[in-house]
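Structure first, then comments.
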Amino acid sequence: MMLHELTDASRNYSFAASHEPALTIAPGDAVRFHTRDCFDGQVPMEPNPDNLTRHDRARGNPATGPVFIRGAEPGHALVSTIQSIDLAPQGLLGASNRDGADRWMAVVDIRDGMAHVDGWTLPIRPIVGVMGVAPEVAEIPNTTPGPHGGNLDSPDLGIGSRLYLPVFHQGALFACGDVHALQGDGEVCGQGIEIAARVTVAFELLPRPICPWPVVETSTHYDIIACGADLDEAAEHALLAARDFLIRYGGATDQQAIALMSIVGDLRICQIVNPLLAVRACIPRELVTREL
44 MMLHELTDAS
54 RNYSFAASHE
64 PALTIAPGDA
74 VRFHTRDCFD
84 GQVPMEPNPD
94 NLTRHDRARG
104 NPATGPVFIR
114 GAEPGHALVS
124 TIQSIDLAPQ
134 GLLGASNRDG
144 ADRWMAVVDI
154 RDGMAHVDGW
164 TLPIRPIVGV
174 MGVAPEVAEI
184 PNTTPGPHGG
194 NLDSPDLGIG
204 SRLYLPVFHQ
214 GALFACGDVH
224 ALQGDGEVCG
234 QGIEIAARVT
244 VAFELLPRPI
254 CPWPVVETST
264 HYDIIACGAD
274 LDEAAEHALL
284 AARDFLIRYG
294 GATDQQAIAL
304 MSIVGDLRIC
314 QIVNPLLAVR
324 ACIPRELVTR
334 EL
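Be aware that the sequence shown starts at 44, since it is given in the numbering used here, and climbs by one per residue.
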């Protein structure tokens, strides 16, 4: 395995097959991505809530890349394993009420595995909010999730997790960014603890996609992340994909798959704040008895 380095000088604000590769690697290689925070470094490290409106939103969620993986072809699956997430010493967290008034912002210090937030001390759980490949359509902004990945904002995309994505274009053209030191289900204020980071990801290829939607593998579950215009639509997409996943990889019938999801599966919200909302259907690993 070769470890490559990619700085945040190579970054984009959308996923598209038209983006020139910043790096070409072989399957089995890993890349250490230097990523900027979701504000693209435009917001100063100061607790000034007015800064929430003083940045170019077109530069939101910069993703470092794209990386061209040799041998990746349409119809394959790209498997991306997050090996490490090294956080910057400080991040930002802001919020406002529904009409945008009464804004609040804090500079968050990261020390000894803890986030120090305006008097609270909380254990960090770093995740990568944006991970994706060039989509089937021409271009999708980094703020939006979809079958290609993108702005998934899943609290399960942490160290040790594996992300399975369908490949739509030669080389896959993977990019990532939008790291959060901590984020709950829903990301209800529109932010986690937004922070720059170095993210090391290792890449493998499978000869076929395992699901039409992104799949996250953790030590306990397989999560299928789907999106929609509202939570009902996103949940329906995720549940139907989970049913098909259990039929294919768990040997269940249609009715058994739905019943299993009802008694041991979970539907969890990734985020409710992006242009499309995202829900994940979480399948216990013990139900997946066939090789992916």
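Quick reminder that beta carbons are idealized off the backbone N, C-alpha and C, glycines included. Bear in mind that the values here come from a model prediction, so they are computed numbers and not experimental data.
What are the boundary residues of the beta strand (DSSP E) that D80 is part of?
-> Neither: D80 is in no beta strand (DSSP E) and is coded neither H nor E.
Validate contact between the stretch 214-231 and the stretch 172-190 using beta carbons, cut 8 Å, 3 pairs = yes
Count the other CB atoms, across all protein chains shown, that sit within 10 Å of the CB of N194; report buried if there are 16 or more and exposed otherwise.
-> buried
Residue of P109, A284 and I125 minimising C-alpha distance to E260 | I125
Give me the Cα-Cα distance between V46 and S305, rounded to the nearest whole angstrom.
-> Reading off the sequence shown, one finds Leu at residue 46, where the question assumed Val. So the two alpha carbons sit approximately 42 Å from each other.
Report all residues from its chain with a CB closer than 6 Å to the CB of V222; omit the five preceding and five following residues, and keep chain order.
-> T78, V171, I238 and A240
Flag this pair as yes or no: are the beta carbons of A120 and L249 separated by less than 7 Å?
-> yes
With DSSP as the reference, please indicate the residues paired to F288 in a beta bridge.
-> Partner(s): none; F288 has no beta bridge.
Which class does E329 belong to by DSSP, given the choice of helix, strand or coil?
-> helix
When you compare only the Cα positions, how much space is there between V331 and R97?
-> 48 Å
When the Cα atoms are used, what is the spatial distance from H191 to E63?
-> H191 and E63 have their C-alpha atoms spaced approximately 17 Å apart.
Taking only heavy atoms of the ligand NAD into account, decide whether any of them is closer than 6 Å to the Cβ of G134.
-> With respect to the ligand NAD, the structure shown offers nothing to examine, as it has no ligands at all.
Between the Cα of P109 and those of Y292, T164, P188 and G220, spot the shortest distance and give me the residue it belongs to.
-> G220
Local Cβ density within 10 Å of M345, reported as buried at 16 or more and exposed below that | Any property of residue 345 remains undetermined from this structure, which presents the chain solely from 44 to 335.
Evaluate V231 with the Cβ neighbour count: other Cβ atoms within 10 Å of its Cβ, from every protein chain shown; 16 or more gives buried, anything less gives exposed.
-> exposed
Beta-carbon separation (whole angstroms), A281 vs I268, contact threshold 8 Å = 7 Å
What three-state label does DSSP hand D228 in the structure shown?
-> If DSSP states are grouped into helix, strand and coil, D228 belongs with coil.
Comparing alpha-carbon positions, which option in N91, P105 and F58 lies nearest D51?
-> P105
Contacting residues, own chain, Cβ-Cβ under 7 Å from D273 (five flanking each side not counted) | L320
Return yes when the Cβ of A300 is within less than 7 Å of the Cβ of L310, no when it is not.
-> In this structure, L310 sits away from A300, with a CB-CB distance that is not shorter than 7 Å.
Assign T187 to one of two classes, buried (16 or more other C-beta atoms within 10 Å of its C-beta) or exposed (fewer than that).
-> So T187 counts as buried.
Return the bridge partner residues of T243 from the DSSP annotation.
-> R75 and S127
Would you report the Cα separation of F58 and H159, rounded to the nearest angstrom?
-> 33 Å
Please determine, among L130, F76, P184 and F211, the residue with the shortest C-alpha to C-alpha distance to R100.
-> P184
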